[in-house]
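Student:
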Amino acid sequence: MLTTTVTTATAFGMTAVIKIPTVRFFAVFCSLMVTINFMLVCTLYLFSLILWDRYLRFRSWRTCNPTDQQATAVGVSRFHRLLQHAVTSLGKLVTRNPFKVMSVFGAAAVVFTVFAVLLGDPTSRTGNPYWDSESLLGRRWSLELIALQNHTGSDGISLRLVVGIETIDRTGTDPTADDDLGQPVFYDGFDLAHPDAQEHMLWLCDQIEASGQTLSVSRVDCFMRDLKQWRLSRQQGFPIIPASHFNDVAKLFLNRDASTNVRDQLGFMVDGEYHRLRFANIHVMTSVPSTERHRVKQDLKDRWNAFVPSLNSRKTPPTSCGPAYIVSTQFLLASTIEGAKATAWISVSASTAIACVVLLLFTRNIRIAALASLVIGCIVVAVVGSM
77 MLTTTVTTAT
87 AFGMTAVIKI
97 PTVRFFAVFC
107 SLMVTINFML
117 VCTLYLFSLI
127 LWDRYLRFRS
137 WRTCNPTDQQ
147 ATAVGVSRFH
157 RLLQHAVTSL
167 GKLVTRNPFK
177 VMSVFGAAAV
187 VFTVFAVLLG
197 DPTSRTGNPY
207 WDSESLLGRR
217 WSLELIALQN
227 HTGSDGISLR
237 LVVGIETIDR
247 TGTDPTADDD
257 LGQPVFYDGF
267 DLAHPDAQEH
277 MLWLCDQIEA
287 SGQTLSVSRV
297 DCFMRDLKQW
307 RLSRQQGFPI
317 IPASHFNDVA
327 KLFLNRDAST
337 NVRDQLGFMV
347 DGEYHRLRFA
357 NIHVMTSVPS
367 TERHRVKQDL
377 KDRWNAFVPS
387 LNSRKTPPTS
397 CGPAYIVSTQ
407 FLLASTIEGA
417 KATAWISVSA
427 STAIACVVLL
437 LFTRNIRIAA
447 LASLVIGCIV
457 VAVVGSM
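Residues 77 to 463 in the working numbering are what the sequence shown lists, from first letter to last.
(1) Quick check on H321: does DSSP put it in helix, strand or coil?
(2) Using the Cβ count rule (16 or more neighbours within 10 Å means buried), how would you classify V150?
(3) In whole angstroms, what separates the C-alpha of M109 from that of I430?
(4) At 3 residues or longer, what runs of the beta strand (DSSP E) sit wholly inside the region 363-449?
(5) Between which two residues does the beta strand (DSSP E) holding F344 run?
(6) Note down the Cα distance separating I358 from D302, rounded to an integer number of angstroms.
(7) Tell me, to the nearest whole angstrom, how far the beta carbon of M77 is from that of V117; I am working on the premise that it is less than 8 Å.
(8) Which one of P271, D282, Y350 and Q283 has the shortest CA to CA distance from A319?
(9) Can you grab the Cα-Cα spacing for the pair Q312 / E275, in whole Å?
(10) In the DSSP assignment, what residue or residues form a beta bridge with D245?
(11) CB of F88 to nearest heavy atom of the ligand FAD: below 7 Å?
(12) With I284 as the anchor, note down where its beta strand (DSSP E) starts and where it stops.
(13) Between the region 426-444 and the region 401-417, do at least 3 Cβ pairs fall closer than 8 Å?
(14) Starting from the C-beta of T86, find all residues in its chain whose C-beta is less than 6 Å away, skip the five residues before and the five after it, and write them out in chain order.
(15) Residue range of the beta strand (DSSP E) that D297 falls in?
(16) Can you give me the start and stop residues for the alpha helix (DSSP H) that G89 sits inside?
(17) Roughly how many angstroms lie between the CA atoms of S309 and I422, to the nearest whole one?
(18) Since N381 and P399 are thought to touch, with beta carbons under 8 Å apart, how far apart are those beta carbons, to the nearest angstrom?
(19) Check for me: the beta strand (DSSP E) holding V117 runs from which residue to which?
(20) What does a CB cutoff of less than 6 Å around D245 pick up in its chain, not counting 5 residues either side in sequence?
(21) Tell me the rounded alpha-carbon separation between L435 and L447.
(22) Over the uninterrupted beta strand (DSSP E) stretch that includes V338, give me the two end residues.
(23) May I ask you to report which of helix, strand or coil DSSP gives I94?
(24) Given this structure, state the Cα-to-Cα distance separating M115 from K176, to the nearest angstrom.
(25) Here's the rule I'm using: 16 or more other beta-carbon atoms within 10 Å means buried, otherwise exposed. How should Y350 be labelled?
(26) Looking at I233: is its Cβ nearer than 8 Å to the Cβ of K391?
(27) Could you tell me which of L235, A426 and T243 sits nearest to M90, measuring between CA atoms?
(28) For the beta strand (DSSP E) containing R497, list its first residue and its last residue.
(29) What is the DSSP secondary structure of R310, reduced to helix, strand or coil?
(30) Excluding five sequence neighbours on each side, which residues of the same chain lie with their C-beta closer than 8 Å to the C-beta of I284?
(31) Among the residues of its own chain, which have a CB less than 6 Å from the CB of M345, if the five just before and after it don't count?
(32) Pull up the distance between the alpha-carbon of G343 and that of L450, whole angstroms please.
(33) Between the beta-carbon of L106 and the beta-carbon of F266, is there less than 8 Å?
(34) Taking only three categories from DSSP, how would you classify I358?
(35) So the candidates are V384, G248 and H161; which of them puts its Cα closest to the Cα of W279?
(36) Rounded C-beta distance between A356 and L219? I'm assuming under 8 Å.
Structure, rendered in structure tokens:
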């Protein structure tokens, strides 16, 4: 019992390293529950058994005579005798045929492992597989799913191509806290007022639209392109020269109706008595709906991650603009899911290995340790493979 308590509590305890708060709290709860259960079994349950055996087991409720011989025969019920006989017979069968039993568990482990490897998105979309499609709740789930599937172009996955920020400094942040996001590290040479930077932003927009079919692009909202069209419609030149006029022109354009779709693409920050432009972005809407399967989202994320670095190889970014990188909530969610999957499998493997070592130390029998570890592995892959 101590062996199973240690292995189970350790397995749940190792799962607490996962950064997802819900999984972490569940792991801590289960680990504590197993430990407390062991303590209660060794104390309260043991004392209860002693009291029952001493005062209640052979008690005759009809005559109140504890020495009644008939009560002694009734002390062990027929169900308990049948259960003891079944356990004894099964124990003899297992001890006499250890290799056959291990073969059965091994075959089951292989089957469930195959199921676990093939685990993925469903081939057909159902509202809720646990409710009959004709029931009231089942029809409600199906109607909500149909409503989500009948999306428009504005319901696609949204992303932004950001320039002017090198990275996010997350040193000392809590990865489980939604409001502790770290501090942006700005690109020191960023200056969108420079003509080269303005031309490079236009080039980025053109390259995204040129690769629209590959990247599943449905719409590109480009501040610099709309600014150029607005300037040309007013018989004014582009790029904006001199550079000292760019911020004033940009603020004037942001107050016009022509900038309705691009007003959130410039990042002005207060620097003393002035407003300093620190970063800019290009908003892209894809044709992949946000309700799409995870595998499709991951494929879109991989295509964009391959596309953006290729831009630097086609044309070196000017020093006044710097390289661009992708920001997307849906892509971040896809990365979180992939990380959670990898962490879960690593935790399962490490927990099984620790369980095997603990069993080997306690039993000093490699067969028992291997059989128990195989059983634990079968349980894990059975749960995953049957989902």
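We treat Cβ as the ideally placed atom computed from N, Cα and C, and that holds for glycine.
All of these numbers come straight from a predicted model, not from anything done at the bench.
Tutor: Reading from the atomic positions:
(1) helix
(2) Caution applies to V150, whose pLDDT of 48 falls short of 50 and renders its modelled position unreliable; the value that the coordinates give is listed next. Result: exposed.
(3) Going by the C-alpha atoms only, they are around 20 Å apart.
(4) 400-403
(5) L342 to D347
(6) 11 Å
(7) 7 Å
(8) P271
(9) 16 Å
(10) Beta-bridge pairing links D245 to Q259.
(11) In terms of ligand content, the structure shown is empty, and the ligand FAD therefore cannot be addressed.
(12) No beta strand (DSSP E) contains I284, which is instead part of the alpha helix (DSSP H) from P271 to A286.
(13) no
(14) Close CB contacts of T86 within its chain, under the 6 Å cut and outside five residues either way in sequence, are with I430 (chain order).
(15) V293 to D297
(16) L78 to T91
(17) Annotation: S309 to I422 spans about 59 Å, alpha carbon to alpha carbon.
(18) Rounded, the Cβ-Cβ distance is 13 Å, inconsistent with contact.
(19) Per DSSP, V117 belongs to no beta strand (DSSP E) and is neither H nor E.
(20) G258, Q259 and V261
(21) Rounded to the nearest whole angstrom, the CA to CA distance from L435 to L447 is 10 Å.
(22) No beta strand (DSSP E) contains V338, which DSSP labels as neither H nor E.
(23) coil
(24) 36 Å
(25) Counting Cβ neighbours within 10 Å, Y350 comes out exposed, since fewer than 16 surround it.
(26) The answer is no: Cβ separation not under 8 Å.
(27) A426
(28) As shown, the chain starts at 77 and ends at 463. That puts residue 497 outside it, with no answer to give.
(29) Three-state result, R310: coil.
(30) L237, L291, V293, V296, I358 and V360
(31) R352 and R354
(32) Their Cα atoms are separated by approximately 57 Å.
(33) Contrary to the premise, residue 106 reads as Cys rather than Leu in this sequence. Against a cut-off of 8 Å, the Cβ pair of F266 and C106 comes out as no contact.
(34) strand
(35) V384
(36) Between L219 and A356 the Cβ distance is about 42 Å, and since that is not below 8 Å, they are no contact.
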